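Read top to bottom, the protein sequences are chains A and B. Counting along the first sequence from 1, when you hit position 218 you're at 218 in my numbering, and nothing is skipped either side. Counting along the second sequence from 1, when you hit position 30 you're at 30 in my numbering, and nothing is skipped either side. Ideal Cβ placement from N, Cα and C applies to all residues, glycine included. Here the structure is a predicted model, which is why all the values come from computation and not from measurement.
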Amino acid sequence: MNLINHIKIIVQTTNRFPKPDFESGYDYPERHYFVPNEAFWSYIDIAMLVLLMSFVAWAVIRKQVRWPVILTSIISVAYFGFFRHGCVCSIGAVQNVALALASDSYTIPLFVLLMFILPIIFTLFFGRVFCAGVCPFGALQELVNIKNYKLSKTVTTILSIFPWIYLGFAVLFAVTNSRFIICRFDPFVGIFRLGGELPLILFGVVLLIISVFTGRPFCRFICPYGAILSLFSRVSFSRVKITKKGCINCQLCHNACPVDAIRAPYENKVKENRSAGVNRILRYIIFLPLMMIAGATTMYLLSDNFSKVNKEVQLYDKVSENEIRPQEIQSLELQAFYGQGRTVEELKTQVAAIKKDFRIYSGIIGAFFGLVIALTLISLSTKRTRKLYEIDGADCVGCGRCFSYCPQNQIERG
Amino acid sequence: MKAYERREFLRTCGQVIAGGTILTLFELSLRKAMAKGATYFWQIDPTKCTFCGRCETDCVLPMSAVKAVHSVKICGFCDLCGGYYRPNVKELNTAAENLMCPTGAISRRFVEEPYFEYSIDEDLCNGCGKCAKGCNSFGNGALYLQIKQNLCKNCNECEIAKVCPADAIRRVPIAKAYNLKL
Ligand code: SF4
Ligand code: SF4
Ligand code: SF4
Ligand code: SF4
Chain A
1 MNLINHIKII VQTTNRFPKP DFESGYDYPE RHYFVPNEAF WSYIDIAMLV LLMSFVAWAV
61 IRKQVRWPVI LTSIISVAYF GFFRHGCVCS IGAVQNVALA LASDSYTIPL FVLLMFILPI
121 IFTLFFGRVF CAGVCPFGAL QELVNIKNYK LSKTVTTILS IFPWIYLGFA VLFAVTNSRF
181 IICRFDPFVG IFRLGGELPL ILFGVVLLII SVFTGRPFCR FICPYGAILS LFSRVSFSRV
241 KITKKGCINC QLCHNACPVD AIRAPYENKV KENRSAGVNR ILRYIIFLPL MMIAGATTMY
301 LLSDNFSKVN KEVQLYDKVS ENEIRPQEIQ SLELQAFYGQ GRTVEELKTQ VAAIKKDFRI
361 YSGIIGAFFG LVIALTLISL STKRTRKLYE IDGADCVGCG RCFSYCPQNQ IERG
Chain B
1 MKAYERREFL RTCGQVIAGG TILTLFELSL RKAMAKGATY FWQIDPTKCT FCGRCETDCV
61 LPMSAVKAVH SVKICGFCDL CGGYYRPNVK ELNTAAENLM CPTGAISRRF VEEPYFEYSI
121 DEDLCNGCGK CAKGCNSFGN GALYLQIKQN LCKNCNECEI AKVCPADAIR RVPIAKAYNL
181 KL
């Protein structure tokens, strides 16, 4: 491949017109092509990421104060958002990692890998401190959020399936090297760059308007990275507590949380006996695989449609149509295809391989969708006994709003 | 109490699984990250580019980060420049209807009979590639398109790369941020 390129360069630069012999002592001008110091900036990015996450973790877990979260949000929006223009971000890095794991030809930059893995590590230790205010998207929504109109539990649970679906497709299109859809449909990057595709910017603005009235619609119902983080924060070593003094069930904090992460006390009226419990578990054991198989089959059958997103597949469709009915005016793709001397056979084998990849990965991801949907349904049908107001680690983004609502914390400050 | 203990146990299991997942993911992708020739910038391969015009329209920036560049060392310094004048111009003067560049980004300076030196004003060039097409069809191919790294946002996925009919836009190593012909 490389060799061919070199040969082509030599061929292309054989001059139609010879190099002029200047008599007037002409000096060729020097042309400079500026290369920004990306390495330097990526070090700064990583340092900022770690620093801000540690700051938030210290504030919400150790000190139980909110002002550092607001400060971090402002810094993050200014630095990661408006200064660095939000690229590469941890959310998008999911796709780079997926592609790197699946493809041999793609080398992921270490910097992007760190962007992906550091927030996950922090989440395992301290909960979603990345979401709190380090992520520029979360930070932006956090800063505009004023009121918390509550959505019903069922609605939020159903809606929060979407990030998983989005994640699944993002991974599908990333591993097949087709498209980075998270980057393609990023609603906020246009705002940070002060320009971009109008529909997406409008979508971003709408999201921001919604987040004035209810907390973080993007984080809760769209963000695929948030979905991953919620898994890790479910089991995090230390987590945000509303108060360290012990809850007195005053209910005051309940409405403070913008993402509905505070669960009210609940008592299961009917005590489930042993055989009923075993029965229930058995039903799940049958239900889960069934849903997974259903998901896998559906996605497998649809995989051919998904493969149309891939550029080579699109090209193949165009080329084979042209082979059957040669077109008068050839599209740019066809001109380039024939111009580069590629053969239909070669493309055909390539496309067959891509379609095969699509079938396999669609199947796997379909099973995963089935699992997510099944688990969501199960979680809707079961309720856990709880005596005090508690924070659900998976949903809590560590914004620290609940601290000031708890009377126990007020006493402490005197 | 029993429920509490069970919960704690499940949590520890979860932590072990989570920790294991992170380590595996990190280890596997680190191998890829450490592989030789890590690439970072997007750049156009001038040997593949067909000057289709999409570079002008598909960049995420309002004014494309793609600009025409001019390699003086392979330029013929022609008076009748295929990139400067439109094909079949009647008179070689700088009236706008004779010129290839829609934005007037190319200027030329008389060097000596019959040679002219060409240069491109980066602020005006919109990356349409008309000049490059002209120069590659009728001249030495000294004009071609490159992504200017100081303007490019280095999107995680270059929008133009995904619509480029010639598949000319690829990641390049930082050390070779431009594919210059000479
Ligand atoms: S810190 Fe409190 S208010 Fe903020 S997300 Fe967590 S539970 Fe909700
Ligand atoms: S889109 Fe591709 S072929 Fe078209 S001008 Fe840009 S680099 Fe050249
Ligand atoms: S013709 Fe197009 S690519 Fe060439 S200098 Fe003018 S604007 Fe730039
Ligand atoms: S990476 Fe983004 S900014 Fe750079 S040329 Fe491609 S679309 Fe334009």
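Quick one: is the Cβ of residue i within less than 7 Å of any heavy atom of ligand 2?
i, result
"A164 (chain B)", "Before going on, a small fix: residue 164 (chain B) reads as Cys here, not Ala. Checking the Cβ of C164 (chain B) against ligand 2 gives yes."
"R86 (chain B)", "no"
"T157 (chain A)", "no"
"F51 (chain B)", "yes"
"G129 (chain B)", "yes"
"L145 (chain B)", "yes"
"R171 (chain B)", "no"
"R54 (chain B)", "yes"
"I373 (chain A)", "no"
Could you name the residues of chain A that residue i contacts, counting a contact when the two beta carbons are closer than 8 Å?
i, result
"G19 (chain B)", "L124"
"A177 (chain B)", "Y33, V35"
Can you find a C-beta in chain A that's less than 8 Å from the C-beta of residue i?
i, result
"L25 (chain B)", "yes"
"P62 (chain B)", "yes"
"P102 (chain B)", "no"
"V172 (chain B)", "no"
"A166 (chain B)", "yes"
"I22 (chain B)", "yes"
"N150 (chain B)", "yes"
"Q43 (chain B)", "no"
"A65 (chain B)", "no"
"A33 (chain B)", "yes"
"Y118 (chain B)", "no"
"Y115 (chain B)", "yes"
"Y40 (chain B)", "yes"
With a threshold of 7 Å (Cβ to nearest heavy atom), would residue i be considered close to ligand 3?
i, result
"A68 (chain B)", "yes"
"A132 (chain B)", "yes"
"A95 (chain B)", "no"
"A105 (chain B)", "yes"
"G139 (chain B)", "no"
"M100 (chain B)", "yes"
"I120 (chain B)", "yes"
"N136 (chain B)", "no"
"N126 (chain B)", "yes"
Does the distance between the C-beta of residue i and the nearest non-hydrogen atom of ligand 1 fall short of 7 Å?
i, result
"A168 (chain B)", "no"
Kindly indicate if chain B contains any beta-carbon less than 8 Å away from that of residue i.
i, result
"E38 (chain A)", "yes"
"V94 (chain A)", "no"
"K8 (chain A)", "Residue placement at K8 (chain A) is flagged as unreliable, the pLDDT there being 42, under the threshold of 50; a coordinate-derived value is accordingly withheld."
"S404 (chain A)", "no"
"R16 (chain A)", "yes"
"V171 (chain A)", "no"
"H85 (chain A)", "yes"
"R193 (chain A)", "yes"
"R401 (chain A)", "no"
"N5 (chain A)", "Here the model assigns N5 (chain A) a pLDDT of 42, short of 50, so the residue's position is not dependable, and the following value carries that caveat. At least one chain B Cβ lies under 8 Å of N5 (chain A)."
"P187 (chain A)", "no"
"P224 (chain A)", "no"
List the residues of chain B that residue i touches, going by C-beta distances under 7 Å, in chain order.
i, result
"C183 (chain A)", "C155, N156, E157"
"V88 (chain A)", "N156"
"R234 (chain A)", "G14"
For residue i, return the contacting residues in chain B, with the cut-off set at a CB-CB distance below 8 Å.
i, result
"S24 (chain A)", "V111, E112"
"F237 (chain A)", "Q15"
"I121 (chain A)", "I22"
"R179 (chain A)", "E157, K162"
"P265 (chain A)", "Those do not exist, as P265 (chain A) stays about 15 Å from chain B at its closest Cβ, beyond 8 Å."
Closer than 9 Å by beta-carbon distance: list the chain E residues that pair up with residue i, in chain order.
i, result
"T50 (chain B)", "Chain labels in this structure do not include chain E; the protein chains are A and B."
Quick one: list the residues of chain A neighbouring residue i, beta-carbon separation under 9 Å, in chain order.
i, result
"S29 (chain B)", "N96, V97, A100, L101, I108, L113, F116, I117"
Under 9 Å Cβ-Cβ, which residues of chain B neighbour residue i?
i, result
"F358 (chain A)", "In chain order: nothing, as chain B lies at least about 17 Å away."
"G196 (chain A)", "V60, L61, P62"
Under 7 Å between beta-carbons, which chain A residues line up against residue i? List them in chain order, please.
i, result
"R11 (chain B)", "V235"
Review point. Given a limit of 7 Å on CB to CB distance, which residues of the stretch 250 to 263 of chain A reach chain B?
Key: none
Check your understanding: If you measure from each residue's Cβ to the nearest non-hydrogen atom of ligand 4, which ones come out under 6 Å, in chain order?
Key -> Every residue whose Cβ sits closer than 6 Å to any heavy atom of ligand 4 is listed here in chain order: B:W42, B:C59, B:V60, B:L61, B:A65, B:V66, B:I147, B:C152, B:K153, B:N154, B:C155, B:C158, B:E159, B:I160.
Review point. Using Cβ-Cβ distances below 7 Å, what residues of the stretch 311 to 337 of chain A are close to chain B?
Key: K311, L332, E333, Q335, A336
**Study point:** Residue list, Cβ distance to ligand 1 heavy atoms smaller than 6 Å
**Key:** Checking every Cβ against the heavy atoms of ligand 1 under 6 Å gives A:V240, A:A256, A:C257, A:V259, A:A261, A:I262, A:I391, A:C396, A:V397, A:G398, A:C399, A:G400, A:R401, A:C402.
**Study point:** Contact list for the stretch 67 to 100 of chain B against chain A, Cβ threshold 7 Å
**Key:** V72, K73, I74, G76, F77, C78
Point to revise | Contact residues within the stretch 127 to 152 of chain B, judged by C-beta distance below 7 Å to chain A | key: G139, N140, G141, Q149, N150
**Study point:** Within 8 Å of chain B by C-beta, residues of the stretch 28 to 52 of chain A in sequence order
**Key:** Y28, P29, R31, Y33, F34, V35, P36, E38, A39
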